[in-house]
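There are 2 protein chains.
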Amino acid sequence: MNQLINYIEQIVRLDDEAIRELEQLSEIEYYEKNQLILEQGRRCNKIWFLKSGMVRKYYIHDGKEITVWINTENQTFTSLQSYSQNIPSTEYLQACEDTVAISITRQNSEKLIRFPQFVIFANTLMEREFVNADIHSKALSVKDAKGKYEYLQMIAPEIIKRAKLGHISSILGITQETLSRIRKG
Amino acid sequence: MNQLINYIEQIVRLDDEAIRELEQLSEIEYYEKNQLILEQGRRCNKIWFLKSGMVRKYYIHDGKEITVWINTENQTFTSLQSYSQNIPSTEYLQACEDTVAISITRQNSEKLIRFPQFVIFANTLMEREFVNADIHSKALSVKDAKGKYEYLQMIAPEIIKRAKLGHISSILGITQETLSRIRKG
DNA sequence: TTCTTTTTTTGACATAGATCAAAAAATGTG
DNA sequence: CACATTTTTTGATCTATGTCAAAAAAAGAA
Numbered sequence: 000m001n002q003l004i005n006y007i008e009q010i011v012r013l014d015d016e017a018i019r020e021l022e023q024l025s026e027i028e029y030y031e032k033n034q035l036i037l038e039q040g041r042r043c044n045k046i047w048f049l050k051s052g053m054v055r056k057y058y059i060h061d062g063k064e065i066t067v068w069i070n071t072e073n074q075t076f077t078s079l080q081s082y083s084q085n086i087p088s089t090e091y092l093q094a095c096e097d098t099v100a101i102s103i104t105r106q107n108s109e110k111l112i113r114f115p116q117f118v119i120f121a122n123t124l125m126e127r128e129f130v131n132a133d134i135h136s137k138a139l140s141v142k143d144a145k146g147k148y149e150y151l152q153m154i155a156p157e158i159i160k161r162a163k164l165g166h167i168s169s170i171l172g173i174t175q176e177t178l179s180r181i182r183k184g
Numbered sequence: 000m001n002q003l004i005n006y007i008e009q010i011v012r013l014d015d016e017a018i019r020e021l022e023q024l025s026e027i028e029y030y031e032k033n034q035l036i037l038e039q040g041r042r043c044n045k046i047w048f049l050k051s052g053m054v055r056k057y058y059i060h061d062g063k064e065i066t067v068w069i070n071t072e073n074q075t076f077t078s079l080q081s082y083s084q085n086i087p088s089t090e091y092l093q094a095c096e097d098t099v100a101i102s103i104t105r106q107n108s109e110k111l112i113r114f115p116q117f118v119i120f121a122n123t124l125m126e127r128e129f130v131n132a133d134i135h136s137k138a139l140s141v142k143d144a145k146g147k148y149e150y151l152q153m154i155a156p157e158i159i160k161r162a163k164l165g166h167i168s169s170i171l172g173i174t175q176e177t178l179s180r181i182r183k184g
């Protein structure tokens, strides 16, 4: 729990009551390697904070898995589209390693709205995610395969270190074979 | 002004006081075709609502203009990264046609926070933009040049109709020549 | 209208990265 | 351990799209 509180306090200060309430309303979850956290077609009504492990977001296109992103320790994740609009998810969330996460449901997170700190935190987080997504998609769209790989290595070395080749190449929008050749140098 | 109010009221109901305040705090701006609304390097401290005309967002990479997106009537636009973090913009905003827009500064928009409707509106808008950006970047990343063009035509026919070839092709991440050939059929 | 500038089209050619297939290496399992 | 499964590497093509250059068409200016 401290991990999550530290994470939030990088953005806003939390008083004791807010922390108690957060603890009340959140839950800890354990997933095994390869286990699905969210399946396509289901409504996603939680946001998770990753204590340990690694989680992959992907979808299926023409029968092939397209990996969107991979999250590691001390990051939050959800299927935003499904969560925010309460519609069935087009994405899967899968633990790539044994994973421990803290979850909070939308219902419970709405109870936190009475603490202005949480509202500021939620907005700041959303804005940051948006800006980052923007920066990264621009960077990736402009580079060749090698440049994309090097960029990902710069902004997300954990992914490069721990994820498998096929997942990394999919994030970059290139084939496994091409990535393997890039790594040879 | 009515145009903007209708736009907001698709999301939240505004009472008379909120409308008066919004009118007080916003301003109308006129731009000529090709005029820059925001230059790279400048801080962007406004959000605009497009009454008429067309606005292109682009940045320079390796000396070449990369068009990110083009907005048309009844849409809002800004350089989000610069606006939200109050840092110099990496992007330009340019009127592609004679353009009329309503602007509100960050300072003034903060005064609207006392109306909860505006807070809900702002959050909803941000969330929608995020979800849309997500959907579109996925769709574009997975298709070939022709598929990308057809997808853009589906989600933003105004851009296809009114923007020039080079700008459209740049949004799609393909060359002008390739787009010209796709159009021939 | 005529002239200039900008934008779009067309053609010839080059190439990054895809595809397909199979070998090699790594990992997991009883 | 030995065996099965999964993941990564390597090799031989193939192809969609890029690049460069020049012509044609459209738009703007005088």
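If you read the sequences in order, they're chains A and B. Numbered as in numbering that gives the first Met the number 0, the first sequence ends at 184 without a single skipped number. Numbered as in numbering that gives the first Met the number 0, the second sequence ends at 184 without a single skipped number. Just so you know, even glycine gets a beta-carbon here, dropped at the ideal spot from N, CA and C. Nothing here was measured: the structure is a model prediction, and the numbers come from that model.
Grouping DSSP H, G and I as helix and E and B as strand, with all else coil, what is A:ASN70?
strand
Tell me which residue opens and which closes the beta strand (DSSP E) that B:VAL130 is part of.
Unbroken run through B:VAL130 is the alpha helix (DSSP H), 115 to 141; no beta strand (DSSP E).
Considering only DSSP beta bridges, list what B:PRO87 is partnered with.
B:ARG42
Strictly below 8 Å CB to CB, what residues from chain A border B:LEU92?
Under the 8 Å cutoff, chain A gives no residues; its nearest Cβ is about 15 Å from B:LEU92.
Is the separation between the beta-carbon of A:GLU90 and that of A:LYS45 shorter than 8 Å?
no
Excluding the 5 residues flanking A:PHE117 on each side, which residues of the same chain have their C-beta closer than 6 Å to its C-beta?
LEU111
Taking C-beta to C-beta, are A:ILE69 and A:CYS95 nearer than 8 Å?
yes
With a threshold of 8 Å between beta carbons, is B:MET153 in contact with chain A?
no
For chain A, check one thing: does any of its Cβ atoms lie closer than 8 Å to the Cβ of B:ASN122?
yes
If you measure between the beta carbons of A:PHE76 and A:LEU92, is that distance less than 8 Å?
yes
Between the C-alpha atoms of B:ILE59 and A:GLU22, what's the straight-line distance to the nearest angstrom?
47 Å
Where the region 16 to 42 of chain B meets chain A: residues whose CB sits under 8 Å from a CB there:
none
Just to make sure I have the definition right: I need the residues of chain A whose C-beta is within less than 9 Å of the C-beta of B:ALA187. Which are they?
What is shown of chain B runs 0 to 184, which leaves residue 187 of chain B out entirely.
Give a yes or no on whether the C-beta atoms belonging to B:CYS43 and B:LEU37 are separated by under 8 Å.
yes
Could you tell me which of B:LEU13, B:LEU139, B:ARG105, B:ARG182 sits nearest to B:VAL67, measuring between CA atoms?
B:LEU139
Between which two residues does the alpha helix (DSSP H) containing B:ILE7 stretch?
Residue range 1 to 8 is occupied by the alpha helix (DSSP H) that includes B:ILE7.
Could you give the DSSP three-state label for B:LYS32: helix, strand or coil?
Per DSSP, reduced to three states, the secondary structure at B:LYS32 is coil, with no helix or strand assignment.
State the CB to CB distance for the pair A:MET125 and B:MET153, rounded to an integer number of angstroms; the pair is presumed to be in contact (CB under 8 Å).
Not quite, the Cβ-Cβ distance comes to about 27 Å (not below 8 Å), so this is no contact.
Just checking: is the beta-carbon of A:ALA132 within a distance shorter than 8 Å of some beta-carbon in chain B?
Chain B contact via Cβ: present.
Tell me the rounded alpha-carbon separation between B:GLU8 and B:ALA17.
12 Å
Give a yes or no on whether the C-beta atoms belonging to A:ALA132 and B:ALA132 are separated by under 8 Å.
Yes, they are a contact pair.
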